[in-house]
Structure formats: structure tokens, C-alpha cells
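Single-structure report; data block below.
Numbering (this note's numbering), first residue to last: 8 to 275.
Here it is as C-alpha cells:
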């Protein structure tokens, strides 16, 4: 990221392009049947300082208009194409006791404690309603995002990749407040069709009760900067989530209504 990037913003504002990052794993899932909360410090496999990751030559850096958020730990932080996280930001992380589609102990199993506890409650309530959700991707480091975005650009080109993926520092997954959700019926994929499934509909209608929003709504692409992602939930707190759900507005619109954010229309 260029040294000229400014580092100020009224509120910690952050958003992430959620990735279509699913490495299919056919091994059996060890589904948790309890609501125990596994607390622990940052796992040793997470970086504790920025590490250079290869970037494919020719990818331009984000424009100079981006700003580094001043308080990345705020639960209402907006991370998007104009407000980015520091490269060395790593939140405190724990592993929520929820089923994932894979069995390995990977960084993407982890979330910030407040989001981990809330998502456990969310999954437990879904199970009671005979809705079986699976976690797909939670925390993602700056450097992991750097590598993913490079690969997407190499496969799809910069313009297309930037519709569903994010430059490093522009991904909500780095906040530890975001989880991609999938189901067996989706064959563990992250696709728009998830929104039409029983699991996707239940998630859209109930996640706000536990402090989550569907971050990238259909029809709001020029505000969020990303295509519709019914699988991508973001923790913002119960009160804020309820208002956003009832009004069907984005995090940017919610904060603008509180005079805490100025929406910048984004290309998509």
C-alpha cells in the first residue's frame, strides 16, 4: 500500500470483499452438539507481523483516495474500497464451537470473541429450527488476502476480480467479525443461489437477532462496492443489526444516517 495513504477517519470504517474461497473437503464433519465456547489466545499459526507475500506483477495499487481506518477494533468499523485496515492489524481471536465444512484447524475457523459467541448462539438456534448451517471462512490475514487477490486477478482479470474480492487491507475478514456461511445442500460452495435455499432464507431473516447483517445486499452494489453475497454475515451488534435489517440498508447507509460516514458511490 502506498505511503501516501492517509490515516484518519471519523469512525473506524471497514468492509471486506468476501472471497469465493472454498477448498472442497469431502471428509466427514465432526458436528458439535454443545454450546461450549473455546477461548484461547491468538493461535501460533497466525502471523504476528506483516510478511511479504508475492503479488502478481502488473496489479495496480488502490487509488490514493483510500484511507487507513483509525480504530480497526470498533464493531462498526467499515472496511471497503476507500477505507482500509492497517497491514499489521491482527485482532484477538478465538475458535467458535460451530461446525465447519472442513476439518482442519485453519485460521479461517477463528473470529473475534464477541462475534464467536454470537455466531454460536445463531447456529444453535438454526439447528433448533432444523436449519443446518456450516461455517466456511472467518478470519483472514492481510497476507492471505494479498495472495488470494493476486490469484483471482490472474484468473479473472483485475476488473472482474475486484467485484467479488478485495485488495489486501480492504477485506472484512481481516476484522475477525465476518463469517461466510454455507450448507451441504450448496455442496459447501459460496454462490448467489444460497440466498434462495432454506438455509439462506433463514439466515437472512434471523441473523440480525444475534447481531449480524447480510453485509452485501442485492441492489446495493454501488454502495458496498461488491456483488450480492447472501452467505457473508458481519457482526455489528444487536441494536445496529436490527435497524439495518428492518430498513434493509447497508452498514455505510446506517452510519451515514448517524452522521458518522459519507457514502462514496463505488464502481462495480
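All C-beta atoms in this analysis are idealised placements derived from N, C-alpha and C, irrespective of residue type, glycine included. Since the structure is predicted, the reported quantities are computational estimates derived from the model, not experimental observations.
- If you ignore the 5 residues before and after residue 128, its C-beta comes within less than 6 angstroms of the C-beta of 217, all in its own chain and listed in chain order.
- A Cβ-Cβ contact shorter than 9 angstroms links residue 86 with residue 177.
- With a 10 Å radius around the Cβ and a threshold of 16 neighbouring Cβ atoms, residue 152 comes out buried.
- The way I'd put it, the stretch 102-122 does touch the stretch 177-186; three or more beta-carbon pairs between them come closer than 8 angstroms.
- The beta carbon of residue 207 is closer than 6 angstroms to those of 201 and 237 in its chain, skipping five residues each way along the sequence.
- Counting C-beta pairs closer than 8 angstroms gives three or more between the stretch 186-194 and the stretch 137-149, which meets the contact rule.
- Taking C-beta atoms as the reference points, residue 80 and residue 103 fail to come closer than 9 angstroms.
- If the five residues before and after residue 215 are omitted, its C-beta is found closer than 6 angstroms to the C-beta atoms of 248, 249 and 252, all from its own chain and listed in chain order.
- Per DSSP, residue 149 is one residue of the alpha helix (DSSP H) stretching across 149-163.
- The three-state secondary structure of residue 96, taken from DSSP, is coil.
- Between residue 76 and residue 91, the beta carbon gap of about 7 angstroms places them in contact (Cβ cut-off 8 angstroms).
- Residue 157 is classed as buried because its beta carbon has at least 16 other beta carbons within 10 Å across all chains shown.
- In this structure, residue 260 lies near residue 227, with their beta-carbon atoms less than 9 angstroms apart.
- Restricting attention to 256, 240 and 166, the CA atom closest to the CA of residue 220 is found in 240.
- Ranking 245, 269 and 74 by CA distance to the CA of residue 124 puts 245 first.
- In this structure, DSSP gives residue 101 an extended state, which the three-state scheme calls strand.
- Annotation: the continuous alpha helix (DSSP H) that includes residue 247 extends over 245-254.
- Residue 272 counts as exposed, since fewer than 16 other C-beta atoms from the protein chains shown sit within 10 angstroms of its C-beta.
- A check of alpha carbon separations from residue 74 across 231, 93 and 83 identifies 93 as the nearest.
- By the Cβ neighbour-count rule, residue 135 is exposed, with fewer than 16 other Cβ atoms within 10 Å of its own.
- Taking all protein chains in view, the Cβ of residue 105 is crowded by 16 or more other Cβ atoms within 10 Å, so the residue is classified as buried.
- Separation of the CB atoms of residue 197 and residue 204 is rounded to 12 angstroms, and the pair is thereby denied contact status at 8 angstroms.
- Straight across, the Cα-Cα distance linking residue 83 with residue 258 is about 8 angstroms.
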